[in-house]
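K.L.:
Take this structure, written in structure tokens, and hold onto it; I'll ask about it next.
Residue numbers (our numbering): 69 to 203.
See below:
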């Protein structure tokens, strides 16, 4: 029993150190990537080509919401700040709900992008007509 507790402490320390030094750069890279996607797909030239750029805009917004609601409190708690989700019940529930909802929306719209691209590149004219959308 005594041989497993130091090993558990070592793994807990490794997890804490990785969380401190890996989550923060991933958080920054995720936010920057989604902001760049928003800038790129919000250009009028890309939006006029079809509905796919609108889908990518929604995916970027959903990912930004998910990253900023779900991971910021985790990162701050690993850095030593108090985690409000441990003491405030409605905050914890709301954070989890919003994070899961935005992740689900992002996955849904990614599937919609795949279906849209399939319909546009189909050799069947009926499939291509289904995908035509003029905003």
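By construction, the Cβ of each residue, glycine as well, lies at the ideal position given by its N, Cα and C atoms.
For a minimum of 3 consecutive residues, which ranges assigned as the beta strand (DSSP E) are wholly contained in the segment 93-148?
P.N.:
none
K.L.:
Look at residue 132 and residue 102 and say whether their C-beta atoms are less than 8 Å apart.
P.N.:
Against a cut-off of 8 Å, the Cβ pair of residue 102 and residue 132 comes out as a contact.
K.L.:
On the DSSP letters alone, give me the boundaries of the alpha helix (DSSP H) that residue 184 sits inside.
P.N.:
157-188
K.L.:
Quick check on the burial criterion: 16 or more other C-beta atoms within 10 angstroms. Buried or exposed for residue 163?
P.N.:
buried
K.L.:
Rounded to whole angstroms, what's the CA-CA distance from residue 170 to residue 179? Just pull it up for me.
P.N.:
Using only the alpha carbons, I get a separation of about 14 Å.
K.L.:
From which residue to which residue does the alpha helix (DSSP H) around residue 199 run?
P.N.:
193-199 is the extent of the alpha helix (DSSP H) around residue 199.
K.L.:
Below 6 Å CB to CB, which residues in the same chain sit around residue 198 once its five sequence neighbours on both sides are set aside?
P.N.:
187
K.L.:
When the Cα atoms are used, what is the spatial distance from residue 141 to residue 100?
P.N.:
18 Å
K.L.:
So for residue 150, helix, strand or coil by DSSP?
P.N.:
coil
K.L.:
Quick check on residue 202: does DSSP put it in helix, strand or coil?
P.N.:
Reliability fails at residue 202, whose pLDDT of 48 lies under 50, so the model's placement of it is uncertain and the value that follows must be treated cautiously. Residue state, collapsed to three classes: coil.
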